[in-house]
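Q: Below you'll find the structure I mean.
Protein chains: 2
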Amino acid sequence: MSVTIKDIAKATGVSHSTVSRAMRGSSLISEETTKRIKETALNLGYFPSAAARSLKTNRSQALGIIVSNIDDPYFSEILQGIEEIGQNNNYSLFIAASQRDPEREVSIVQAMRQHRVDGVIICSTNFSDQQSKQFSKYGIPIVVINNQAAEDYRYSIYHDDMDGSQQLTRHLIELGHRKIAYLGYALSGRTNMDRLAGFRHEMESARLTIPPGYIHQITESGLSGGLSGVDHFLRLAEHPTALVCYNDMLAIGVIRGLRQAGVSIPQEISVTGFDNIDFSAFTDPPLTTFDQPKHFIGAEATRLLLNLLNTTSLEETSWHDNVRILKGKLLLRESTAPPLASH
Amino acid sequence: MSVTIKDIAKATGVSHSTVSRAMRGSSLISEETTKRIKETALNLGYFPSAAARSLKTNRSQALGIIVSNIDDPYFSEILQGIEEIGQNNNYSLFIAASQRDPEREVSIVQAMRQHRVDGVIICSTNFSDQQSKQFSKYGIPIVVINNQAAEDYRYSIYHDDMDGSQQLTRHLIELGHRKIAYLGYALSGRTNMDRLAGFRHEMESARLTIPPGYIHQITESGLSGGLSGVDHFLRLAEHPTALVCYNDMLAIGVIRGLRQAGVSIPQEISVTGFDNIDFSAFTDPPLTTFDQPKHFIGAEATRLLLNLLNTTSLEETSWHDNVRILKGKLLLRESTAPPLASH
DNA sequence: GTCACTAATGCACACGTGTGCAAAGGAGTA
DNA sequence: TACTCCTTTGCACACGTGTGCATTAGTGAC
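As you go down the protein sequences, you meet chains A and B in turn.
Each number in the working numbering comes from the position in the first sequence (counting from 1) with 468 added on.
Each number in the working numbering comes from the position in the second sequence (counting from 1) with 468 added on.
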């Protein structure tokens, strides 16, 4: 169908091996021949077949990227970072969304192994450990971002969720809040657990009790999840004065829900998010949150993976250096304030 | 490196061709042998090499997807639709972001041609016509979503921007507004032009004049673009009472900007968006906008492309049937209201 | 003129899979 | 027994590219 190396050989009157060498810029071929070959290649619109090349070289120049959802801003901002570095280094990206569905996970792993991706980035907090082992088992390097099972025998990058959650909670406590609740997202695995743990730890340090019902986990994702979270907390006999939300998406939903219920933010209830997605600066009031360098995380994970690919010697010893924890930072905006005196 | 068809052949004591046939479920091979082969394949962890298969069959089982940005909700929601259908049909996706950068466009096209993608979906309003021709020139089917150059000789899906913009503008006029302004995004090519045209058309129909400065194009994308848009309009001697924004992202930025300036919405100024991204229902006030079935658009484009791949006979005649215009619908929320009497 | 050496190119095989054709074996029929 | 037919399997080549090795031509030295 498309023009091959042989067509160029025929057109130039040389053998196909000469063309192959010339295209790769081998010093074996004379300058003049190389030039002639490259010209006709350009004229004929030749593009080397990645399939054939990959067959021979065992390199596909493709990476596999697995996320939970593409249309969640947290993931898509990371993706943008990955994409940039990947493209700069001439790697193409197979991107797939697991949708937190085990069946999809299986078929994604299958597809990527068939395509012989050179490496994989898993950016899905609850991606099955069993599936990700499929890669490492067959020698495909893998970098996990913020995975629930960030075992130290793998390369991984994650942010310190515990720390972030503690900072947010402490901020609320310092403002004078005593009745603080946590709204979690049950399907998010380790990330959610860590953030909850951070919340709990800080509450204990301040010797504050967490009344029943003040820790609520929902299974509904995203913005609308925030709405049902609000329903729950407003139904409690005693309302919390502050709400620590698992992430910005939930928090934005919560803000909307509180507004609809006629509750003023931050006067009656303070709200915090997590991640600092772009929209969190545009809510009303703007959201106090914990900033994650999402673009940077994606870029960094890709750089790490590319390093792995170019390192032939995989010394076991260097592995532990490659678990990188990226610190975020507290971002104070207007959705948090001291509680009203009456409370 | 990884286990091949020959390894299975050796382990089962048959020839590699028998294995090949058995794996594909050929009726030529006896049931018993097939079963034996499939079992050992499973045990050895065999995955067919897409490269080798693609070399032989001229089918890569991969699609190329080009968007402007991954982290724009409009695109990522479409991507989610594409991803779903693609994955259901066992196609892997090469996803790339052009960033509206000509150099990147070139390298994306190059990478996708090398990988011999079976088809391409272009979802970048201003993707260069010259580059997209590179695909059709070499027989790679291409479906364009909402492209600026939706020539009828290609398969394309787009929404009726003109119509949507007219409906929004008419809605404002019916509410009683007479001083209506348009905030556009200059880099968005045809889409922006059409929406502006719809606005103009409706204003003319109502015999309303558009004062100088009431049509403003910015080059800054996204949310922050909305802020600078507000700056412009508030600097005008006579403020508009309603603002038609190119899309939701801009509108959300505008809402924030107006809030900061102490302008009440919709009492003093009504605001409309376009696209209905998830967040637009969660602003304060919720945004009146024009709903696009983004997920459906992505899915539909993919179905169309897959149809093309499975149709051997490309009858010229059917081409025009495949320019599909998807109608959206007006979504009235609370960011629009009649103007104050004083105006 | 012979030899050694270098530069430039071609030959032939390999990568993993699919497929047309031949071959082998068995069953059935006359 | 001889023939035909069908089922099941193997042989061998092809896809497009990369590469070790052999080959050729050219240059210089003796």
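For glycine and all other residues, C-beta sits at the position ideal for the given N, C-alpha and C.
Who are the Cβ neighbours of Ala564/B in its own chain at under 6 Å, not counting the five residues just before and after it?
A: Ile534 and Ile576
Q: Please list, in chain order, all residues of the same chain as Asp586/B whose beta carbon is under 8 Å from its beta carbon, the five residues on each side excluded.
A: Arg527, Ser528, Gln529, Ala530, Leu531, Tyr559, Ile608, Pro609 and Leu777
Q: Using 10 angstroms around the beta-carbon of Ile497/A, count the other beta-carbons present and answer buried if the total reaches 16, otherwise exposed.
A: buried
Q: Between which two residues does the beta strand (DSSP E) containing Asp759/B stretch?
A: Asp759/B -> beta strand (DSSP E) spans Thr757 to Asp759.
Q: So with CB distances below 9 Å, who are the chain B contacts of Gly721/A?
A: Phe750
Q: What in chain A is Cβ-close to Arg703/B, meaning under 8 Å?
A: Correct list: empty, because the minimum Cβ distance to chain A is about 21 Å.
Q: Have a look at Glu545/A, Val611/A, Ser738/A and Phe747/A and flag the residue whose alpha-carbon is nearest the alpha-carbon of Leu651/A.
A: Ser738/A
Q: Just verifying my parser: in three-state terms, what is the DSSP assignment at Ala520/A?
A: helix
Q: Taking the alpha carbon of Pro734/B as the point to measure from, which residue in Glu670/B, Phe543/B and Ala805/B has its own alpha carbon closest?
A: Ala805/B
Q: Given this structure, state the Cα-to-Cα distance separating Ile505/B from Ala490/B, to the nearest angstrom.
A: 7 Å
Q: Ignore the nearest five residues each way along the sequence and tell me which others in Met630/B's own chain have a CB closer than 8 Å to its CB.
A: Asp662, Arg663, Ala665, Gly666 and His669
Q: I'd like to know whether the C-beta atoms of Thr740/A and Arg801/A end up nearer to each other than 7 Å.
A: no
Q: The segment 558-587 of chain A: which residues have C-beta closer than 9 Å to a C-beta of chain B, in chain order?
A: Those would be Asn558, Tyr559, Ser560, Leu561, Phe562, Ile563, Ala564, Ala565, Gln567, Arg572, Ser575, Ile576, Gln578, Ala579, Met580, Arg581, Gln582, His583 and Arg584, in chain order.
Q: Just how far apart, CA to CA, sit Gly554/A and Ser696/B?
A: 32 Å
Q: Which residues in chain A sit within 9 Å of Gly632/B, going by Cβ to Cβ distance?
A: By Cβ distance, chain A contributes nothing, its closest Cβ being about 21 Å from Gly632/B, past 9 Å.
Q: Considering only DSSP beta bridges, list what Gln685/A is partnered with.
A: Gly652/A
Q: State the DSSP-derived secondary structure class of Ala565/A, mapped to helix, strand or coil.
A: strand
Q: Which of helix, strand or coil does DSSP assign to Ala705/A?
A: coil
Q: Decide if Ile420/A is buried, meaning its Cβ has at least 16 other Cβ atoms within 10 Å, or exposed.
A: For chain A, the structure presents residues 469 to 811; residue 420/A sits outside this window and is missing.
Q: Mind listing the chain A neighbours of Leu531/B? Cutoff is C-beta to C-beta under 8 Å, in chain order.
A: Here the premise fails: no neighbours, minimum Cβ distance about 10 Å.
Q: For Arg724/A, return the contacting residues in chain B, with the cut-off set at a CB-CB distance below 9 Å.
A: The contacting residues are Ala749, Phe750, Thr751, Asp752 and Pro754.
Q: Do we get a CB-CB distance below 7 Å when we pair Arg727/A with the residues of chain B?
A: yes
Q: What does the Cβ neighbour count give for Ser566/B, buried or exposed, with the cut at 16 atoms within 10 Å?
A: buried
Q: For the structure I just gave you, are there three or more beta carbon pairs, one from the segment 763-778 of chain B and one from the segment 632-650 of chain B, closer than 8 Å?
A: no
Q: Note down, one range per segment and in chain order, each beta strand (DSSP E) of at least 3 residues found wholly within the segment 559-611 of chain B.
A: 560-565 and 587-591
Q: With DSSP collapsed to three states, give me the class of Gly532/A.
A: strand
Q: With 7 Å as the threshold, decide whether the Cβ of Glu802/A is near any Cβ in chain B.
A: no
Q: What residue range is occupied by the uninterrupted alpha helix (DSSP H) comprising His763/A?
A: Lys762 to Asn778
Q: Should Leu547/B be flagged as near chain A, meaning a C-beta pair shorter than 7 Å?
A: yes
Q: In this structure, how does DSSP classify Val471/B when only helix, strand and coil are distinguished?
A: Reduced to three states, the DSSP call for Val471/B is coil.
Q: Ignore the nearest five residues each way along the sequence and tell me which others in Lys795/A's own chain have a CB closer than 8 Å to its CB.
A: His627, Asp628 and Asp631
Q: Taking its Cβ as the centre, do 16 or more other Cβ atoms sit within 10 Å of Pro541/A, making it buried, or is it exposed?
A: buried
Q: Name the two residues that bound the continuous beta strand (DSSP E) containing Arg792/B.
A: Going by DSSP, Arg792/B is part of the beta strand (DSSP E) stretching over Val791 to Leu794.
Q: Which of the three DSSP states is assigned to Lys647/B in this structure?
A: In this structure, Lys647/B counts as coil in the three-state DSSP scheme.
Q: Decide if Pro679/B is buried, meaning its Cβ has at least 16 other Cβ atoms within 10 Å, or exposed.
A: exposed
Q: Could you spell out where the alpha helix (DSSP H) holding Val722/A opens and where it closes?
A: For Val722/A, the enclosing alpha helix (DSSP H) begins and ends at Asp716 to Gln728.
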